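Residue numbers for the sequence shown follow the numbering used here, so the first one is 95 and each next one is one higher.
A virtual CB, placed ideally from N, CA and C, is assigned to each residue, including glycine.
Note that the coordinates shown come from a computational prediction; the quantities given were computed from them, not determined experimentally.
Reading through the structure tokens given below for one structure.
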Amino acid sequence: MSDMKEIVTHIENVLNHLPSAPSDRILPRVPNHLRRVKKEAYEPEIISIGPYHRGKDHLAAMEEHKFRYLKLLLQRRDESSIAKYVEALNELNKRAANSYEKGLLEERRPDDFLEIMLVDGCFIVELIRKGVVEKESSGDDDPIFRSEMTLFSLKHDLLLLENQLPFFILQKLFDMTLLSNEESNLKQMIFRFFRILPGPGYSRGEEHNLSKVPARHLLGLMHDNWLPSPQGVKAYLNKTDQEKQKTKCVVCLSIDCGLICRNETSKEDDAKTHIRCATELHEAGIKFRRGEKCSVFDIKFANGVLEIPKLSIEDKTEYLLRNLIAYEQFWKDDICHVIDYIKFIDCLINSNKDVELLCRSGIIDNWLGDDEVVASVFNRLLDNVRLSHERSFYSEIYVKVNKYCGREWNVWKAKLRHDYFNSPWALLSFLAAVFLLLLTVLQTVYSILSFYHS
């Protein structure tokens, strides 16, 4: 009997001390299966924000700058004490702590965690304010703004999944430190400060009040407002709803028939989630054109032309994309538009020749210089990433492109153009030959008619 009581006590104790549900943890660690592919993509280069990378030696130099920014914030408000800020964040401390993985926080004192929230939060708020409001004068006496390379690395560090603070902490500190004559929309200021996304996107803030758009943290805010156009999203969701309503009843009378059914389904799924690489599509007669004045996600295909908005590839673009992918893997919404977009570009790029073709078409802006490096980046971005094989934001594009490539006339026409009319001189030579042939035929006909008349 005593053994049973011990079991009951033990289980109840475990239940009472269970960590918060995963849905409450808005700031998870990067899963190991993603970290193994490229560890350095998820680790900060010059600054730690939050508890995950706190105390690492190579990040220690920025700690002094954090306190310097806190002092500047107090001076701007003509204050000498941080007491009211500590008191305000203390009320949010438990909620903030539950946002992170519990095991890590148990190793720290509660006061230590509160200090991290305050110092790191004030640093971010003051950094964004200086970068937006005092943009012209910030570089004069500030070592962060004096060096473009430092500021560039800092911005990327602030958008790492493991280098985040809960957004409600930032919003609270921003509201408390706001002066009457200053801009009051933190989210708009954040978008003006972070101009490092690799392509244009549709922001919900353009039509709605951005302050009402929910945000988990800085990375989440950037992701959730780097979107396809509303028309594209609506069309995708409508098509997804239609597919969910369809019921497929397949009756197989034998094992062989079952295998055939599965193979046909597999081919249909492939047609919705895969296309050939850019050079092969080009050989099949498809033309590439850069899309203008639209979101980077708004890819279109019509009349044999694949229209893709420009994508800029810079030094740390890969790291930013990897963190956006990790964010989507944790927060599974109706649309994983970043993963679907990268999958589409990955299909197009198999080698440096594909990159060269896309650069020549104005679709990729390669700041890395080496086409082989860009190809390698996209070929590995989705390693160990869980992908949906049932649907994609670009399923309709995949189907249209594959259907176009499946028409023999299009392939024959493209082969004729590539093999025989790949230059203006070849076309002129062909036209001249046709003209001479017509003259010869006419001359022959005329001779025959003259013979009969005579």
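query: When His127, Asn107, Ala135, Phe239 are compared against Val471, the one with the closest alpha-carbon; result: Ala135
query: Coarse secondary structure for Asp459, derived from DSSP in three states; result: strand
query: Contact between the segment 171-191 and the segment 237-251 (3+ Cβ pairs under 8 Å); result: no
query: Completely contained beta strand (DSSP E) runs for the segment 240-279, where each covers 3 or more residues; result: none
query: For Pro294: DSSP bridge partner residues; result: In DSSP, Pro294 forms no bridge with anything.
query: For Glu401: DSSP bridge partner residues; result: Arg383, Lys394
query: Secondary structure of Ile429, DSSP reduced to three states; result: coil
query: As assigned by DSSP and simplified to three states, the class of Ile443; result: coil
query: Cβ-Cβ distance between Pro403 and Arg384 below 8 Å; result: yes
query: CA-to-CA distance, Ile222 to Ile284, given in whole angstroms; result: 7 Å
query: Interface flag, Leu248 vs chain D, CB-CB below 8 Å; result: The chain labelled as chain D is not found in the depicted structure, where only one protein chain is given.
query: Rounded separation between Arg292 and Ser241 - CA only; result: Here residue 292 turns out to be Pro, not Arg, going by the sequence shown. Going from the Cα of Pro292 to the Cα of Ser241 covers about 21 Å.
query: Pairwise C-alpha distance: Leu400 and Lys394; result: 6 Å
query: Buried or exposed by the 16-neighbour rule on C-beta atoms within 10 Å, applied to Leu543; result: exposed
query: Cβ shell of Val102 (< 7 Å), same chain only, five flanking positions each side left out; result: none
query: Beta-carbon contacts of Leu208 that lie in its chain and below 8 Å, excluding the five residues immediately before and after; result: Val180, Leu183, Asn184, Asn187
query: For Ser406, the residue or residues it bridges with in DSSP; result: Asp459
query: CA nearest to the CA of Asn126, picked from Leu415, Gln423, Ile443; result: Gln423
query: Whole-angstrom distance between Glu374 and Leu212, CA atom to CA atom; result: 55 Å
query: Alpha-carbon spacing of Asn110 relative to Lys196, whole angstroms; result: 14 Å
query: Limits of the unbroken alpha helix (DSSP H) element including Asn126; result: 126-129
query: Nearest residue (CA-CA) to Arg416, options Ile176, Leu255, Ile238; result: Leu255
query: Euclidean distance between Cα positions of Cys499 and Asp464; result: 30 Å
query: Cα-Cα separation between Arg370 and Lys132, rounded to whole angstroms; result: 27 Å
query: Nearest-angstrom Cα separation, counted from His147 out to Asn397; result: 51 Å
query: Bounding residues of the alpha helix (DSSP H) (the contiguous stretch that carries Pro204); result: 204-226
query: Option nearest Glu466 by Cα separation, candidates Ile443, Leu475, Asp477, Phe287; result: Ile443
query: Inter-residue Cα distance where the pair is Thr359 and Val495; result: Model confidence at Thr359 stands at a pLDDT of 48, short of 50, so the residue's coordinates are unreliable; what they give is reported in the following sentence. If I take the Cα positions, the gap works out to 19 Å.
query: Which of helix, strand or coil DSSP assigns to Leu168; result: helix
query: Uninterrupted beta strand (DSSP E) stretches inside the segment 467-497 (no shorter than 3 residues); result: none
query: Leu128 versus Ala420: straight-line alpha-carbon distance, rounded; result: 8 Å
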